[in-house]
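Per our numbering, residue 3 is the first one in the sequence shown, and the count goes up by one each step. Below is one structure, written out as structure tokens, with a few remarks after it.
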Amino acid sequence: MPKVTLITPCFNAEKHLQQTLESIQAQTMGDYEHICVDDGSTDGTPRMLEAYAERDPRVRVLRGANAGAGAARNRALEQATGTWVYCIDADDIMEPTLLEEAIARGEEEKAQVVIFRCDLLDSQTGQVTPFDYCFDTSWLDPKAHSFNPVAHPDRILNSFQNWVHNKLFLREFLQDNSIAFSNIHRTEELMFTGRALTEATRIAVLDRSLHQYRTNNLESSIENSDSYYLDFLTAFTVFRRHLEESGLWDLYGESYVNWAIEAVGGNLLRSKRKETFWNIVRAMRDGGLERLGIVGYPAERAYNRRQWEVCNALLNCTDDELPLVLMHALVRENEIVAAATSVEAKRYREARDKVYELEDQIAVLWQYNEDMRNSISFKLGRVLTSPLRLVHRRKE
Numbered sequence: 003m004p005k006v007t008l009i010t011p012c013f014n015a016e017k018h019l020q021q022t023l024e025s026i027q028a029q030t031m032g033d034y035e036h037i038c039v040d041d042g043s044t045d046g047t048p049r050m051l052e053a054y055a056e057r058d059p060r061v062r063v064l065r066g067a068n069a070g071a072g073a074a075r076n077r078a079l080e081q082a083t084g085t086w087v088y089c090i091d092a093d094d095i096m097e098p099t100l101l102e103e104a105i106a107r108g109e110e111e112k113a114q115v116v117i118f119r120c121d122l123l124d125s126q127t128g129q130v131t132p133f134d135y136c137f138d139t140s141w142l143d144p145k146a147h148s149f150n151p152v153a154h155p156d157r158i159l160n161s162f163q164n165w166v167h168n169k170l171f172l173r174e175f176l177q178d179n180s181i182a183f184s185n186i187h188r189t190e191e192l193m194f195t196g197r198a199l200t201e202a203t204r205i206a207v208l209d210r211s212l213h214q215y216r217t218n219n220l221e222s223s224i225e226n227s228d229s230y231y232l233d234f235l236t237a238f239t240v241f242r243r244h245l246e247e248s249g250l251w252d253l254y255g256e257s258y259v260n261w262a263i264e265a266v267g268g269n270l271l272r273s274k275r276k277e278t279f280w281n282i283v284r285a286m287r288d289g290g291l292e293r294l295g296i297v298g299y300p301a302e303r304a305y306n307r308r309q310w311e312v313c314n315a316l317l318n319c320t321d322d323e324l325p326l327v328l329m330h331a332l333v334r335e336n337e338i339v340a341a342a343t344s345v346e347a348k349r350y351r352e353a354r355d356k357v358y359e360l361e362d363q364i365a366v367l368w369q370y371n372e373d374m375r376n377s378i379s380f381k382l383g384r385v386l387t388s389p390l391r392l393v394h395r396r397k398e
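Encoded structure:
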């Protein structure tokens with residue numbers, strides 16, 4: 003049995019696939035199997051996967067008609083044999099120590115889920131920037147390496163994104179709870195990740211950036227979101243029903259609603275066509291916001307006030323007023339996200355980590371000093387030298 007199963011859904015991914023595969027083969031922990039699912043590609047992806055599998059016996063290639071990344075990952079999960087499961091998209095990049103570090107943290111903490119940082123890789127410019135929105139642990143003890151989500155029910159769904167690529171999962175945990183991806187084209191990860199985060203009893207965190215998530219890739223599903231613009235509403239609605247039926251709504255409802263508030267604003271912001279934008283607006287007005295629990299949600303309980311204002315404007319502004327209101331709120335939100343992913347933010351984290359390291363060293367030295375002061379030899383030395391110290395003080 004391999005230590006981990008890597009799962010990669012592939013659809014017309016030839017442009018960046020080679021770089022992704024090379025990052026996998028460069029892993030310092032090589033005890034893995036890699037299941038690639040060709041999801042009905044029409045470009046050179048199948049040939050690349052075949053050549054990859056011929057060179058590496060750890061690789062298996064599954065084929066099928068185009069059904070979306072969720073269905074492709076589910077097929078791979080059914081055949082996975084690794085102790086852990088890690089999902090990487092066909093255009094992303096793993097840092098060489100991702101598997102080694104994440105698995106070690108998971109084993110140390112006896113966790114079912116391990117979460118770490120990721121960076122954004124701009125496909126057009128090649129620029130790599132940190133993305134703090136996928137790893138907010140400000141509500142945790144800075145030295146905590148794991149936690150039980152029941153102890154933090156109001157933050158668990160809002161702190162780590164619904165992505166899978168910054169998370170490692172214990173396969174036995176997924177099997178025991180029948181956790182699977184939704185068979186939709188976008189936001190297919192939400193149900194999978196949401197259930198894992200709310201049903202795990204131990205989640206480990208690793209404050210290290212171990213993955214590069216490609217953005218501005220015109221071939222990716224996120225860049226073609228207009229084709230499935232209401233999948234996010236479907237995903238959130240199904241997940242809410244699951245929380246209610248599982249008796250978890252009272253515990254995680256507040257975190258869910260705040261998560262949904264951000265999703266509405268984010269999907270409006272990503273709209274590429276005017277028609278898509280107004281279709282989302284109509285869907286939200288025609289019961290969507292109510293299904294998400296946003297209607298009547300008080301502003302003082304909103305984690306992101308600007309996004310709450312966006313949702314409130316959908317109901318209370320006319321069609322003529324709405325674009326201007328949303329422009330001010332969403333542009334400001336984009337500026338905040340940009341600031342959070344800046345080089346300065348990365349430098350801040352590095353300085354903060356150095357402070358934590360120095361604090362640990364100081365604590366060790368302080369304990370050493372206390373141990374010395376309490377030791378028999380130290381006390382005996384104080385007694386023997388007390389006359390000399392008394393003479394020295396008199397001279398002064």
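Cβ atoms here follow ideal geometry from the backbone N, Cα and C, with glycine treated the same way.
Ordered along the chain, which non-local residues of its own chain (more than five positions away) have a Cβ less than 6 Å from that of residue i?
i      : result
Phe238 : Ala262, Leu294
Gln309 : Ile263, Glu264, Gly267
Thr78  : Per the sequence shown, the amino acid found at residue 78 is Ala instead of Thr. For Ala78, where only same-chain residues beyond five positions count, the Cβ hits under 6 Å are Ile9, Ile37, Val39.
Arg65  : Asp40
What separation, rounded to the nearest whole angstrom, lies between the Cα atoms of residue i and residue j?
i      : j      : result
Val312 : Ala55  : 48 Å
Glu201 : Asp322 : 44 Å
Leu192 : Gln369 : 46 Å
Thr127 : His147 : 35 Å
Ala315 : Cys12  : 39 Å
Ile338 : Leu271 : With a pLDDT of only 47 at Ile338, under 50, the local geometry of the prediction cannot be trusted, and no value is derived from it.
Leu212 : Asn260 : 27 Å
Ile296 : Glu24  : 44 Å
Asp138 : Asp40  : 34 Å
Met31  : Leu101 : 6 Å
Cys89  : Thr320 : 43 Å
Gln114 : Leu324 : 44 Å
Ser273 : Met3   : 44 Å
Asn306 : Ala53  : 47 Å
Thr217 : His18  : 12 Å
Leu253 : Leu199 : 13 Å
Leu328 : Pro144 : 36 Å
Gly298 : Glu292 : 9 Å
Trp141 : Phe171 : 22 Å
Ala206 : Ile117 : 6 Å
Asn318 : Trp251 : 28 Å
Whose C-beta lies closer than 8 Å to the C-beta of residue i among residues of the same chain, with five residues either side of it excluded?
i      : result
Met233 : Correcting the residue type first, residue 233 is Asp in the shown sequence and not Met. So the qualifying residues of the chain are Ile186, His187, Arg188, Thr189, Glu190.
Asp58  : Gln27, His36
Ser257 : Pro155, Asp156, Arg157, Ile158, Leu159, Asn160
Arg197 : Asn179, Ile181, Phe241, His244
Asp33  : Pro4, Lys5, Val6
Asn76  : Ala182, Phe183, Asn185
Glu103 : Phe118, Leu208, Arg210, Leu212
Grab the span of the beta strand (DSSP E) containing residue i for me, first residue to last.
i      : result
Tyr299 : Careful: Tyr299 lies outside any beta strand (DSSP E) and carries neither H nor E.
Thr10  : 6 to 12
Pro132 : 130 to 132
Asp41  : 34 to 41
Ala206 : 205 to 217
Leu172 : 169 to 172
Tyr135 : It is not in any beta strand (DSSP E) - Tyr135 carries neither H nor E in the DSSP assignment.
Val166 : Careful: Val166 lies outside any beta strand (DSSP E) and carries neither H nor E.
For residue i, which residues in the same chain have their Cβ closer than 7 Å to its Cβ, ignoring the five residues on either side in sequence?
i      : result
Gln21  : Ile95
Ala342 : Bear in mind that a pLDDT of 47 at Ala342, under 50, signals an unreliable position, so the number given afterwards is only what the model happens to contain. Excluding sequence neighbours, Ala342 sits near Asp134, Tyr135.
Phe194 : Val166, Ile181, Ala182, Phe183
Asn150 : Thr203, Arg204
Pro98  : Ala28, Gln29, Thr30
Thr278 : Asp228, Tyr231
Leu235 : Ala285, Gly290
Asn14  : Ser43, Thr44, Asp45, Thr47, Glu221
Val63  : Cys38, Asp40, Leu51, Glu52, Ala55
Determine the burial state of residue i: buried for a count of at least 16 other Cβ atoms within 10 Å of its Cβ, exposed for fewer.
i      : result
Val152 : exposed
Lys276 : exposed
Met286 : buried
Gly290 : buried
Ser43  : buried
Trp86  : buried
Ala301 : exposed
Arg303 : exposed
Asp288 : exposed
What residue range does the alpha helix (DSSP H) around residue i cover?
i      : result
Leu271 : 251 to 272
Tyr305 : Per DSSP, Tyr305 belongs to no alpha helix (DSSP H) and is neither H nor E.
Gly66  : Per DSSP, Gly66 belongs to no alpha helix (DSSP H); it is in the beta strand (DSSP E), 61 to 66.
Tyr54  : 47 to 57
Ile282 : 276 to 285
Phe118 : No alpha helix (DSSP H) holds Phe118; the beta strand (DSSP E) holding it covers 115 to 124.
Val240 : 233 to 247
Whether or not the segment 173 to 180 and the segment 71 to 87 are in contact is what I'm after, with contact meaning three or more pairs of Cβ atoms, one per stretch, closer than 8 Å; do they touch? yes
Can you confirm whether the segment 69 to 79 touches the segment 141 to 159 when touching is taken to mean that 3 or more C-beta pairs between the two stretches lie within less than 8 Å? No: fewer than three Cβ pairs fall under 8 Å.
Three CB pairs or more closer than 8 Å across the segment 47 to 54 and the segment 99 to 115: no
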